[in-house]
Amino acid sequence: MIAGIFASSWVAGSIVAVLAGVIGFFVVLRGSVFAAHALPLGAFPAVAAARLWGLDLLATVLAFSVLGAAVVAALSRRTRRDIATALWLVLMLGAGELILSRLQGYSRAVYGLFFGQLLGVTPADLHMIAGVGAVAVVLVLIAFRPLLLSGLSADLAAVAGVPAGLLDLVFLTLVALAAAAALPAVGALLAFSLMVGPASAARMVCDRPLPGLALSVALALATVWGALLLASATGWPVGFFVGVAGLGLYVAGRLAGRGYAPLRR
Amino acid sequence: MTGAPDAALALRVEDLSVSVGGRRVLAQVSFTLAPGELCGLIGANGSGNTTLLRSLLGFVAPSGGTIRLGGDGARRLGYLPQKVSVDPFMPLRARDVVALGLDGHRLGLPLPSRQRRARVDAALAAVSAEAFADRRIGTLSGGQQQRVFIAHALVRRPQLLLLDEPLASLDPSSATEIATLLRRISRDTGIAVLMSAHEINTLVPVMDRVIYLAGGRAAAGPVAEVIRSDVLSRLYGHHIDVLDVHGRILVVPAPGAGHDHTHVTRVP
Amino acid sequence: MLGLLPVGFLDSAPVQHALVIGGFAAVVAALVGVPTLLRGQAFVTDALAHVSSAGGALAPLIGINALGGFVLMSLAAALGLEAAPPRQRAERDLQTGAVFGAGLGVAALFLYLDVTLPGGSGNAVGVLFGSVFLLGASDILPAALAGGAALALLALYLRPMLLASLDPDLAAVQGVRLRRVGLAHLAALTLAIGLAAMTVGAVLSTALLVAPAAAALVLTDRPARALMLAAGLGLAGMWGGILMAWQSYVWTAGHAWPASFCIVAVLIGLNLAATLGRGLWRLGRRGAA
Ligand SMILES: Nc1ncnc2c1ncn2[C@@H]1O[C@H](COP(=O)(O)OP(=O)(O)O)[C@@H](O)[C@H]1O
Ligand SMILES: [Mg+2]
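Here it is as structure tokens:
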């Protein structure tokens, strides 16, 4: 029983790591870190609503995430993107609180949604994670070159005929998809950490996109596996180890990249 | 706005007018460009260089006039934006950037092919960038990056290459080097090159034609026919002197004519 | 005017404390929010706000006031950011994200310990979402100290902060010490976040800083007016939200909506109204012209 739960959380964690490593690589490359934080958390009321009203979790989270991606993309035409993102985020968090306050076991649910319950992943969760994760990874690999080109320069992408607005929406939706898949296992907050740390170290070490992508995935896997081991040894939350490892990877990347260009003022 | 192809010309622009943010920036600009020609687009800061290039690219909708691209009618344009600020940690080598110029719009992962590699190598060689082809783009100097982005624009074999201030932020000797390089490319490949600059003297030895922008209007033609006191005076609406000082052209307004249009040094 | 308020509203001690402390926190947060948004630091604000939840969870474990915990933790994160600030915008976001992730990991740990260790509060939701009605007379002094310090920093450094946000190079030429101004701003920001976290909880405190300031900056370009408008909007949002939470008890037949949700909803509503109003006014002016 214990071994079974651990095995399924191991599989779930690994899938989430691959997903976060792939999507995170482009999050870092395109500088969409705030979006990568806000979109998963923005799906928070969706999980609450699904629990309260017995809706299909995946469908609800997807609908909210895509709605969030669309609203942020639309709002940032009228106001600055970071402000639009922040406002959307707090509104969703407030709404999540409202819905959750109707639930029994309110506190546990909040904790689980924020920090995940990797040690309590069910087989149904696992199917969902695997399905959504596979779709998201395939979509990223299909859009690989346009994502790189528009990350390099929006103007150059436009000359090559890449539809920038559509690509941006697709990308934010991919981030949301990844978040939806990761949410039940690692929680909204740590999905984000797993996207940023490994990718930011990988791009410093590799100077080519495909090896960089591969390294990002490898580091994300190592992070999750290490965190799971440490968590089961200490009884502390997995998220703690994931978050600290993410910062460690970022700092290691900064140190590795010192030779490239003046980073500091 | 793009009309039927015009076999003999790479580009024909007639009476082009463009407004940005409710303000008329270009008024009835006309010029032509033949394959293999290098044309300088000269104007002070804010005179509409970038706007003209972006309207040729279709980024800005003109309010009037026609733009006709020549050749086989396919819109194959190469473009170097005024500012490409490269993320220093972008995990792309110079040759990856050039490869993205070839097929960056395609879906799916890039499959290594001999032909693809050969075209990338050829473009890198055309701008003499072989020495740093395998280095990360963010670690290259401004001039080296400029070459790589020119190769990015060239690799799809455009019929028309639009370069927005490719010489700005380069030291004089690199500027001359890149100008000569572009001259050679346009002659060798038959690509028409339109490049903007604030300073005319670096371009004088290499350009076949010049478009001089002032007050939203343009004078276009061979250098000797445009950079003349009578032509520029008509363009500006007041007297302008064109002086030749030891082989360098100086465009100077008559005393008391208001703005200083002197083109002696490059405007940063 | 007061007669329009529901019966008993102003007589309730929790409401009085909420109105006074919450109102003060909202004004301080809104004022600090203006230079923060001008400096393009909405993401940093949100990151520090989330990280402060670790402090909120730590506070009962080490026996300090929750406000102290919030400020302590977000200040630690802010110093981490300021230790090696990258130059490019995207790099700054990335660094913020990395520190943010670690802070959240620590928050996860402390919240977990809070629930499992003896002496912990066991109240994860209170730290994350808070409730303005749980404030008491003992919170007034710490709130006044933190808010006073934030306002003093703002008063001392507002001009260089604004100048540095417009043009850092120009500011440096004029003798502004960018590093010191940056630190002063981060200190004021963490104090404001702590106050806001005390009233609406750590994860929603961003709303008190961003929503009123963003609305004010939509309505005017002038910093002085923006500060006044932001303070007014923040106060209106806080008091409106408290009133809404009180009334929701009646509307929902005893289920009462969480106060933090109500405050955020009113703040965002005011922000939308300001943005829409401004857009309509512009349209009207264009139509008249
Ligand atoms: N997005 C814009 N909104 C309003 N005005 C603009 C915009 N872009 C350019 N302009 C104006 O159009 C004019 C020409 O700009 P530009 O083509 O960039 O000049 P150049 O490239 O020659 O320096 C300038 O006066 C500039 O102020
Ligand atoms: Mg320009």
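Protein chains in written order, with this note's numbering: chain U, 1 to 265; chain R, 1 to 268; chain E, 1 to 289. Glycine included, C-beta positions come from ideal geometry on N, C-alpha and C. In this text, all values refer to a predicted model and were calculated from it rather than measured experimentally.
For Arg208 (chain U), the closest C-alpha among the options R:Ala126, R:Arg68, R:Val97, R:Ser169 is that of R:Val97. Listed along chain E are Ala214, Val218, Thr275, each with a C-beta nearer than 8 Å to that of Thr79 (chain U).
DSSP lists R:Leu194, R:Arg209 as the beta-bridge partner residues of Cys39 (chain R). Inter-residue distance for Ala196 (chain E) and Ser150 (chain U) is about 38 Å (C-alpha atoms, whole angstroms). In this structure Tyr249 (chain E) is exposed. Its beta-carbon is surrounded by fewer than 16 other beta-carbon atoms within 10 angstroms.
Excluding its 5 nearest sequence neighbours in each direction, Asp87 (chain R) has C-beta neighbours in its own chain below 7 Å: Gly138, listed in chain order. Going by DSSP, Val252 (chain R) is part of the beta strand (DSSP E) stretching over 248-253.
The beta carbon of Gln146 (chain R) sits no closer than 7 Å to any heavy atom of ligand 2.
Closer than 7 Å to some heavy atom of ligand 2: that describes the Cβ of Glu165 (chain R). Here the C-alpha atom of Thr50 (chain R) lies approximately 20 Å from the C-alpha atom of Tyr236 (chain R). In chain order, Pro81, Val84 make up the part of chain R whose C-beta sits under 7 Å from the C-beta of Ser153 (chain U). At least one heavy atom of ligand 1 lies less than 7 Å from the C-beta of Val20 (chain R).
Shortest Cα-Cα distance from Leu162 (chain R) to any of R:Ile150, R:Gly247, R:Ala61 involves R:Ile150. Per DSSP, Phe34 (chain U) is one residue of the alpha helix (DSSP H) stretching across 33-42.
Counting only runs of 3 or more residues that sit fully inside the stretch 212-285 of chain E, no beta strand (DSSP E) segment turns up. Listed along the chain, the chain R residues whose CB falls inside 7 Å of the CB of Ala160 (chain U) are Gly104, His105. Excluding five sequence positions before and after Leu128 (chain E), the CB atoms of its chain that fall closer than 7 Å to its own CB belong to Ser53, Gly201, Ala202, Val203, given in chain order. Contact note: Met90 (chain R) reaches chain U through Leu29, Gly151, Leu152, Arg203, using a C-beta cutoff of 8 Å and chain order. Beta-bridge analysis with DSSP links Asp241 (chain R) to R:Val252. Exclusion of the five residues before and after Ala86 (chain U) leaves no residue of its chain whose Cβ lies closer than 6 Å to its Cβ. In the structure shown, the three-state DSSP call for Val29 (chain R) is strand. Non-local beta-carbon contacts of Thr180 (chain R) in its own chain, meaning distances under 6 Å to residues more than five positions away in sequence, are absent.
Measuring C-alpha to C-alpha distances from Val159 (chain U) to each of R:Leu57, R:Val18, R:Val210, R:Glu14 identifies R:Leu57 as the nearest. His37 (chain U) belongs to the set of residues whose beta carbon lies under 8 Å from a beta carbon in chain E.
In the structure shown, Val18 (chain R) falls within a strand segment according to DSSP collapsed to helix, strand and coil.
Shown here for Arg92 (chain E): same chain residues with a beta carbon closer than 6 Å to its own, the five before and five after excluded, namely Pro86 in chain order.
In terms of Cβ geometry, Val175 (chain U) and Leu39 (chain U) form a close pair [threshold 8 Å]. Annotation for Ala256 (chain U): no beta strand (DSSP E) segment contains it, though the alpha helix (DSSP H) segment containing it runs 238-256. By alpha-carbon distance to Ile178 (chain R), the top candidate from R:Val127, R:Gly40, R:Pro205, R:Arg156 is R:Val127. Note on geometry: alpha-carbon atoms of Ala8 (chain R) and Leu33 (chain R) lie some 9 Å from one another.
Spanning the alpha carbons of Val245 (chain R) and Gly46 (chain R) requires a straight line of approximately 27 Å.
In the displayed model, Leu208 (chain E) falls within a helix according to three-state DSSP.
Taking Val44 (chain E) as the centre and dropping the five residues before and after it, the same chain places the C-beta of Thr96 closer than 6 Å to its C-beta, in chain order. Val223 (chain R) counts as buried, since at least 16 other C-beta atoms from the protein chains shown sit within 10 angstroms of its C-beta. Residues of chain E whose Cβ lies closer than 7 Å to the Cβ of Phe115 (chain U) are, in chain order, Ala108.
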